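Working notes for the structure below.
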Amino acid sequence: MSGLSQLLDRFLGRGEWAVTVPTLDGPLLPNQGLEEAEPFAGLAEADNLVRTEKGILASSANRLMRFSADGHAETLQEFPGEITALAHARGMTAMAIDGKGVVVHGGLHDGREATGEEARRLSCITALTFLDSNTLLVANGSASVPASGWRRDLMQKSVSGSVWRLDLKNGRLELVRDGLAWPAGIATTGSNRIYVSEAWRHRVLAIDLATKATLPVLEHLPAYPARIAPAFNAGYWLTFYSVRNQLVEFILREETYRTRMLAEVPEAYWMAPSLGSWRDYREPMQGSQLKQMNVLKPYAVTRSYGLVVLCDQNMKPLSSFHSRADGKVHGTLSACELGDDLLVASRGGSRIVRVASAASGKRG
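Residue numbers for the sequence shown follow this note's numbering, beginning at 41 and rising by one.
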């Protein structure tokens, strides 16, 4: 594209300079499914839900927790860094520890650690899944920030994420795909194809592990996709950081403003997506009919939100559960099934909720 065309696109707000955002419609039509869900457990920074033979595993910062079906919790272990990803299969639990690499407990590779050079190359692990008994697939969100720096990675417009294949027998790392804009979730399909959610490009990719061919299977999402979990009938649960809005899209295109905001404003007060809100009067507002300094504000864009979408085996959205701008079940980065119910971890709301009958095709 010529420089003149780029200049015209910027002036007219079209092409890559457009700030339009897809609407929440069809299977994504807003509802109160998450906000009205039954409380399962309170858990600070709730994240990384994984079902095992002995209960539900979850992370809370550097703590590995296990929950029984009735919500009883026990702390299994504390680590020197934050747990950024979990995966379980065939009696093995793989954990990504911020700054330490990957640790495997139980099963065939009990005690296996991917540290040293492996840990340096995988410094921002956002998701894990077992491909088979000897292979772990790893999503590395960024080459420049840790997993906790997701907002900075977005606002810096980084595309340094990657997906790797880790051989648990010999520790060999193989690059599957790089140049990704924060790969946040990864799932197997039962074939040589995997699904990867690319958050900052608002899409889900299908990647062929044999040829490395990449194809978008779900695009133009109105929110930032996070982890992918298996669902009933061979489908998937797709979780989200938050919804997109036109103001953030505009800021991402205004280089001078964006650069100064990152340099001069504390991160908690950036105009950027968030896992939660209503924590500090200095943060940007969201919602409508808000009064501040005795002035009624008619509307402020949504920064934090709760959203989990049920997709079929081809990643086509079928239905969704929401916690809207005035809710508390925000920052829904992880979900897993428990019988006929769906458990959803709300990192922003520091809780786990149970959506009744969601995993049976019925809503209770």
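Yeah, the Cβ is synthetic: ideal placement off N, Cα and C, and Gly gets one too.
Since this is a predicted model, take the numbers as computed values, not measurements.
Residue span of the beta strand (DSSP E) that contains residue i, given as start and end
i, result
"Asp193", "Here Asp193 belongs to no beta strand (DSSP E); instead the alpha helix (DSSP H) covers Trp190 to Met195."
"Glu304", "Looking at the DSSP string, Glu304 is not in any beta strand (DSSP E); the run it does join, the alpha helix (DSSP H), is Glu295 to Glu304."
"Glu377", "Thr372 to Leu378"
"Phe290", "Premise fails: Phe290 lies in the alpha helix (DSSP H), Gln286 to Ile291, not in any beta strand (DSSP E)."
"Val144", "Gly141 to His145"
"Glu78", "Glu78 to Gly82"
"Thr60", "It is not in any beta strand (DSSP E) - Thr60 carries neither H nor E in the DSSP assignment."
"Asn180", "Thr175 to Asn180"
"Val283", "Tyr276 to Val283"
"Ser202", "Gly201 to Asp207"
"Glu395", "Going by the sequence as given, residue 395 is Val instead of Glu. Looking at the DSSP string, the run of the beta strand (DSSP E) that includes Val395 is Arg391 to Val395."
"Asp150", "No beta strand (DSSP E) contains Asp150, which DSSP labels as neither H nor E."
"His362", "Pro357 to Ser363"
"Cys164", "Note, Cys164: premise wrong, no beta strand (DSSP E); not H, not E."
"Tyr321", "Looking at the DSSP string, Tyr321 is not in any beta strand (DSSP E), and its letter there is neither H nor E."
"Pro313", "Unbroken run through Pro313: none, as it is neither H nor E."
"Asn88", "Ala86 to Thr92"
"Ala134", "Met132 to Ile137"
"Phe272", "Per DSSP, Phe272 belongs to no beta strand (DSSP E) and is neither H nor E."
"Val384", "Asp381 to Ser386"
"Gln117", "Ala113 to Glu118"
Close Cβ partners of residue i (< 6 Å) along its chain, the five nearest in sequence each way excluded
i, result
"Gln117", "Leu104"
"Ala266", "Ala224, Gly225, Thr279, Phe280, Tyr281 and Leu373"
"Glu85", "Ser100, Ala101 and Arg387"
"Val144", "Met132, Ala134 and Arg152"
Whole-angstrom distance between residue j and residue i, CA atom to CA atom
i, j, result
"Gly404", "Val288", "In this prediction, Gly404 has a pLDDT of 43, which is less than 50 and means its spatial position is unreliable; nothing more can be read from the coordinates."
"Gly139", "Leu48", "45 Å"
"Cys164", "Glu78", "33 Å"
"Val384", "Leu148", "29 Å"
"Pro63", "Glu238", "Position check: residue 63 holds Thr in this sequence, whereas Pro was assumed. Rounded to whole angstroms, Thr63 to Glu238 spans 19 Å at the Cα level."
"Gln72", "Leu347", "10 Å"
"Glu377", "Ala125", "17 Å"
"Ser363", "Ala274", "25 Å"
"Met83", "Val369", "Met is not the amino acid found at residue 83; the sequence shown has Leu there. Straight-line Cα distance between these residues: approximately 12 Å."
"Gly131", "Glu93", "8 Å"
"Asn102", "Ser45", "49 Å"
"Leu261", "Met135", "29 Å"
"Gly389", "Thr115", "20 Å"
"Leu194", "Phe290", "13 Å"
"Phe107", "Ala113", "5 Å"
"Leu74", "Ala312", "23 Å"
"Pro120", "Leu168", "19 Å"
"Ser231", "Ala250", "10 Å"
"Lys209", "Leu215", "17 Å"
"Gly301", "Arg192", "A small correction: the amino acid at residue 301 is Met; Gly does not occupy that position in the sequence shown. So the alpha carbons of these two residues sit roughly 11 Å apart."
"Ala340", "Pro270", "35 Å"
"Gly367", "Ser314", "13 Å"
"Ile137", "Trp310", "27 Å"
"Gly146", "Phe272", "26 Å"
"Leu350", "Asp150", "33 Å"
"Ala127", "Val59", "36 Å"
Buried or exposed (CB count within 10 angstroms, at least 16 for buried), residue i
i, result
"Thr166", "buried"
"Gly66", "exposed"
"Arg212", "exposed"
"Tyr264", "buried"
"Gln326", "buried"
"Asn354", "exposed"
"Glu122", "buried"
"Leu69", "exposed"
"Asp87", "buried"
"Thr299", "exposed"
"Ala303", "exposed"
"Val236", "buried"
Close-in-space but distant-in-sequence residues of the same chain around residue i (CB under 8 Å, 5 per side omitted)
i, result
"Gly379", "Ala109 and Ala399"
"Phe80", "Phe107, Gly111, Leu383, Arg391, Ile392, Val393 and Arg394"
"Trp240", "Asp193, Leu194, Lys197, Ser198, Val199, Ala221, Trp222 and Tyr264"
Close-in-space but distant-in-sequence residues of the same chain around residue i (CB under 7 Å, 5 per side omitted)
i, result
"Gly43", "none"
"Arg217", "Ser202, Val203, Ile247, Lys252 and Thr254"
"Ala308", "Asp320 and Glu323"
"Gly316", "Ser344, His370, Gly371, Gly388 and Gly389"
"Asp207", "Asn174 and Thr175"
"Arg243", "Pro256, Leu258, Glu259 and Leu261"
"Lys197", "Leu292"
"Val61", "Pro262, Arg284, Asn285, Gln286 and Glu289"
"Asp352", "Gly275 and Leu358"
query = Are the stretch 276 to 294 and the stretch 361 to 377 touching by the rule of at least three beta carbon pairs closer than 8 Å?
reply = yes
message = Tell me whether the stretch 223 to 230 and the stretch 166 to 184 touch, counting them as touching only if at least three CB pairs, one residue from each stretch, are closer than 8 Å.
response = yes
query = Does the stretch 284 to 304 touch the stretch 353 to 366, meaning 3 or more C-beta pairs lie closer than 8 Å?
reply = no
task = Examine the Cβ distances between the stretch 167 to 174 and the stretch 185 to 201 and report whether three or more of them are shorter than 8 Å.
result = no
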